[in-house]
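Here's the structure, in structure tokens; my notes come after.
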Amino acid sequence: MKHIALLTSGGDAPGMNAAIRAVVRTAYFHGIKTTGVLDGYDGLVKNNFMELGPRDVRNIIQRGGTMLRSARSEAFRSAEGRSVAAKNLLDAGIDALICIGGGGTQAGAHQLTQEHHVRLIGIASTIDNDLGGSDRTIGFDSACNTAVEAIDRLRDTASSYGRIFFVEVMGRDTGFIAMHTGIAAGAEYVMVPERRENVDELVQALENRSKEKGGSIVVVAEGDQEGGAFKLSEQVKQRCPQFDIRVSVLGHLQRGGNPTMSDRLLASRLGAAAVEGLIGDRSSCIVGIVKGEIAFTPHVEAIAQHKTIEPDLFRLLCDACCLMM
Ligand code: F6P
Numbered sequence: 547m548k549h550i551a552l553l554t555s556g557g558d559a560p561g562m563n564a565a566i567r568a569v570v571r572t573a574y575f576h577g578i579k580t581t582g583v584l585d586g587y588d589g590l591v592k593n594n595f596m597e598l599g600p601r602d603v604r605n606i607i608q609r610g611g612t613m614l615r616s617a618r619s620e621a622f623r624s625a626e627g628r629s630v631a632a633k634n635l636l637d638a639g640i641d642a643l644i645c646i647g648g649g650g651t652q653a654g655a656h657q658l659t660q661e662h663h664v665r666l667i668g669i670a671s672t673i674d675n676d677l678g679g680s681d682r683t684i685g686f687d688s689a690c691n692t693a694v695e696a697i698d699r700l701r702d703t704a705s706s707y708g709r710i711f712f713v714e715v716m717g718r719d720t721g722f723i724a725m726h727t728g729i730a731a732g733a734e735y736v737m738v739p740e741r742r743e744n745v746d747e748l749v750q751a752l753e754n755r756s757k758e759k760g761g762s763i764v765v766v767a768e769g770d771q772e773g774g775a776f777k778l779s780e781q782v783k784q785r786c787p788q789f790d791i792r793v794s795v796l797g798h799l800q801r802g803g804n805p806t807m808s809d810r811l812l813a814s815r816l817g818a819a820a821v822e823g824l825i826g827d828r829s830s831c832i833v834g835i836v837k838g839e840i841a842f843t844p845h846v847e848a849i850a851q852h853k854t855i856e857p858d859l860f861r862l863l864c865d866a867c868c869l870m871m
């Protein structure tokens with residue numbers, strides 16, 4: 547193998563740059579040329595390539611976003627688009643491709659290998675942490691830390707006024723970010739799509755808490771079954787008009803900013819492992835960390851895996867435990 551390409555696709559995640567850096571430098575160490583594809587799969591279809599050497603990736607390990615830019619490509623969704631992409635790789639003399647991204651990115655990568663036998667490894671990267679094949683995905687830790695910091699700030703106002711804040715966090719259809727940040731920020735209630743919540747119970751908890759005038763934080767996952775923080779807060783307001791309620795949607799704030807140490811380390815490990823995996827003849831898989839070890843999981847398996855929130859975290863939120871008071 548003499549020449550690999552890499553791209554970042556889907557939602558950007560803090561740590562993607564650290565992964566790019568690790569791929570380029572590991573490849574260089576092994577005498578392999580690296581080409582960066584700009585704008586994700588769109589760049590693959592449009593032949594938007596740039597050569598990358600070890601000096602091109604200096605000073606990026608600490609930066610959020612992705613130096614290769616990202617996109618959610620319409621062109622690549624069609625079989626025709628994917629044929630063009632495969633041909634472009636072939637014409638550029640590229641032997642293998644590394645795709646850094648989440649579930650959508652890895653599903654696209656899988657289609658490319660299935661249809662055109664492109665040699666390919668995916669790197670698990672999404673703030674949502676909802677992709678199989680890695681216990682943690684690149685960006686999740688940074689996004690959670692950003693959300694926790696924001697909630698700590700909101701807590702100051704909540705406790706000064708005795709207010710209730712409904713804080714909506716990202717996570718698409720899953721509640722990983724909500725659950726982890728909710729516990730870490732000491733939220734009074736956490737709403738996640740994985741569990742059908744009882745609004746009566748929430749109201750009861752908030753009523754109890756309001757007697758102490760301490761204010762409350764309710765962390766709501768964007769995919770929550772009640773329809774997000776605004777809808778939920780309206781339901782609560784209808785039942786308890788006396789509550790002083792505010793809503794804060796953290797949104798894309800969670801995607802930006804410098805990656806944490808954990809994400810830089812994870813991205814560096816996965817970037818290097820992806821290149822070494824390709825050298826070792828691996829393909830059609832995702833590289834991740836499973837139980838502390840580097841693991842290569844077949845794309846089909848990783849995409850189909852239904853990753854679940856750690857059960858003990860649910861226990862911390864229920865009556866059996868005294869953390870949420
Ligand atoms: O997958 C990452 C993510 O930030 C999700 O948490 C969120 O639902 C989605 O992307 C937002 O996508 P966009 O940036 O395209 O609005």
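Using the working numbering, you'd call the opening residue of the sequence shown number 547 and step up by one each time. Every residue, glycine too, gets a C-beta built ideally from N, C-alpha and C.
Check whether I723 and V736 have beta carbons under 8 Å apart: Within the sequence shown, residue 723 is the residue found at index 177, counting from 1. Within the sequence shown, residue 736 is the residue found at index 190, counting from 1. Not closer than 8 Å, so no.
Test item: CB-CB of H852 and C831 under 8 Å: Counting from one through the sequence shown, the residue named residue 852 turns up at place 306. Counting from one through the sequence shown, the residue named residue 831 turns up at place 285. The answer is no: Cβ separation not under 8 Å.
Given 8 Å, three or more beta-carbon pairs between the stretch 811-821 and the stretch 659-673: The stretch 811-821, when compared against the stretch 659-673, does touch it at the 8 Å Cβ threshold.
Distance, V782 Cα to I855 Cα: Residue numbering aside, residue 855 sits at position 309 when the sequence shown is read from its first letter. Residue numbering aside, residue 782 sits at position 236 when the sequence shown is read from its first letter. When rounded, the separation of the alpha-carbon atoms in I855 and V782 is 26 Å.
Per-residue DSSP class, three states only, for T612: As a first step, residue 612 must be located in the sequence shown, where it is residue number 66. Three-state DSSP puts T612 in coil, outside helix and strand.
Supposed contact pair V745 and E768 - C-beta distance, whole angstroms, cut 8 Å: Position 222 of the sequence shown, counted from the first residue, corresponds to residue 768. Position 199 of the sequence shown, counted from the first residue, corresponds to residue 745. Contact annotation, E768 with V745: C-beta distance approximately 17 Å; criterion of less than 8 Å not satisfied.
Closest by C-alpha distance to P610, when choosing among F595, A751, D687: Reading the sequence shown from its first residue, position 64 is the one you call residue 610. According to the sequence provided, residue 610 is Gly. The question's Pro does not apply to it. The shortest C-alpha to C-alpha distance from G610 to any of F595, A751, D687 is the one to D687.
Enclosing beta strand (DSSP E) for M547 [first to last residue]: Stepping through the sequence shown from its first residue, residue 547 is reached at position 1. Premise fails: M547 is in no beta strand (DSSP E) and is neither H nor E.
Any non-hydrogen atom of ligand 1 within 7 Å of H663 CB: Against the sequence shown, residue 663 aligns to sequence position 117. Result no, Cβ not under 7 Å from ligand 1.
Three-state class that DSSP yields for T580 in the structure shown: Position 34 of the sequence shown, counted from the start, is the residue given in the question as residue 580. T580 sits in a strand when the DSSP states are folded into three classes.
Contact test: G648 Cβ vs ligand 1 heavy atom, cutoff 7 Å: The count along the sequence shown starts at 1 and reaches residue 648 at position 102. In terms of side-chain proximity, the C-beta atom of G648 is found nearer than 7 Å to a non-hydrogen atom of ligand 1.
Length of the line joining the Cα atoms of D641 and S808: Here the question's residue 641 lines up with position 95 in the sequence shown. Here the question's residue 808 lines up with position 262 in the sequence shown. Answer to the nearest angstrom: the Cα atoms are 31 Å apart.
Heavy atom of ligand 1 within 7 Å of R699 beta-carbon: Working through the sequence shown from its first residue, we reach residue 699 at position 153. Distance from the C-beta of R699 to the nearest heavy atom of ligand 1 is not below 7 Å.
Alpha helix (DSSP H) runs wholly inside the stretch 707-795, at least 4 long, in chain order: Taken in chain order, the complete alpha helix (DSSP H) segments of 4 or more residues contained in the stretch 707-795 are 722-730, 745-757, 775-785.
Simplified DSSP state of R560, which is helix, strand or coil: Indexing the sequence shown from 1 puts residue 560 at position 14. The amino acid at residue 560 is misidentified as Arg; the sequence shows Pro. Coil, per DSSP.
Within 8 Å, strictly: CB atoms of I684 and G561: Here residue 684 refers to the residue found at position 138 when the sequence shown is read from its first residue. Here residue 561 refers to the residue found at position 15 when the sequence shown is read from its first residue. Yes, Cβ-Cβ distance for I684 and G561 is below 8 Å.
Host beta strand (DSSP E) of P844 (start-end): By one-based count along the sequence shown, residue 844 stands at place 298. For P844, the enclosing beta strand (DSSP E) covers residues 839-844.
Near ligand 1: H726 beta-carbon under 7 Å from a heavy atom: The sequence position of residue 726 within the sequence shown is 180, counting from 1. No, ligand 1 has no heavy atom inside 7 Å of this Cβ.
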